[in-house]
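Inspection log for the structure reproduced underneath, given as structure tokens.
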Amino acid sequence: MIAKLLQGSLDTITGTRNSEKEVRKVKIIKSALLSIAAVCLAVSFAFAGSGDAAKGKALFNDPNLGGATGKKSCGTCHPDGKGLEKIAGKEEFNLAGKTQKSLEEAINMCVENAIKGKALDPKSDQMKDLVAYIKSLKEPLKR
Ligand code: HEC
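Residue numbers (the numbering used here): 1 to 143.
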């Protein structure tokens, strides 16, 4: 009788242990799946946010960028992006006596002042493509 009771409670104890283990396993699997999902999401955002360097190059050499009507394009003063190779990681720019806190702002500074166009929407495809082109300059083989 006592032995049976003991056995019973032992079973209960090991039973609980097992189900606790199961719960833990499920938790681990759940968090693993969640992290995989998070990584996928981050990757897809990264790709969605990156522009097309080839299109950016065309815009860079387009004198009508930002609706400008002059003869100058970005490429007139920065032929083949010359001088812009090292700015990919730059966080602060100082153009025209002002401070720009991003590459997008610096680009717009030149769009407005150098080629007399209208500032591009920093979130537009054109801006993303230009940024992608300028960032691609740091890899000399791509040119
Ligand atoms: C009339 C000549 C001229 C034109 C056209 C021009 N820029 Fe510039 N740009 C400059 C000068 C001058 C500077 C400041 C000197 C420097 O840092 O190279 C500069 C600086 C920059 C910088 C910051 C460089 C740094 O090292 O901080 C970026 C980015 C840039 N230009 C992008 C562009 C883009 C994009 C276009 C086309 C919309 C463009 N520029 C058109 C003359 C020009």
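For glycine and all other residues, C-beta sits at the position ideal for the given N, C-alpha and C. Just so we're clear, the structure is a prediction, and the values are computed from it rather than from any experiment.
query, result
"Using a Cβ-Cβ cutoff of less than 6 Å, which residues in the same chain neighbour N61 once the five nearest sequence positions on both sides are dropped?", "S73 and G75"
"Please classify E104: is it buried, with 16 or more other beta-carbons within 10 angstroms of its beta-carbon, or exposed?", "buried"
"DSSP three-state call for L95: helix, strand or coil?", "strand"
"Excluding the five sequence neighbours on either side, which residues of its own chain have a C-beta within less than 8 Å of the C-beta of E112, listed in chain order?", "G66, K118 and A119"
"Rounded to the nearest angstrom, what separates R24 and D129 at their Cα positions?", "46 Å"
"State the beta-bridge partners of Q100 as determined by DSSP.", "F93"
"Cβ-heavy atom distance between T69 and ligand 1 below 6 Å?", "no"
"Taking only the alpha-carbon atoms, compute the straight-line gap between L59 and K30 and give it to the nearest angstrom.", "46 Å"
"Find the nearest neighbour of D80 within the set N108, M109 and A53, judged by alpha-carbon distance.", "A53"
"Buried or exposed: C77, going by 16 or more other Cβ atoms within 10 Å of its Cβ?", "exposed"
"A88 and K138: beta carbons closer than 7 Å?", "yes"
"For ligand 1, is there any heavy atom lying closer than 6 Å to the beta carbon of T99?", "no"
"Flag K72 as yes when its Cβ comes closer than 6 Å to any non-hydrogen atom of ligand 3, and as no otherwise.", "This structure lacks ligand 3; its bound ligands are ligand 1."
"At the level of alpha carbons, what is the spacing between S102 and T69?", "26 Å"
"Between S19, M127, E91 and K135, which has its C-alpha nearest G83's C-alpha?", "K135"
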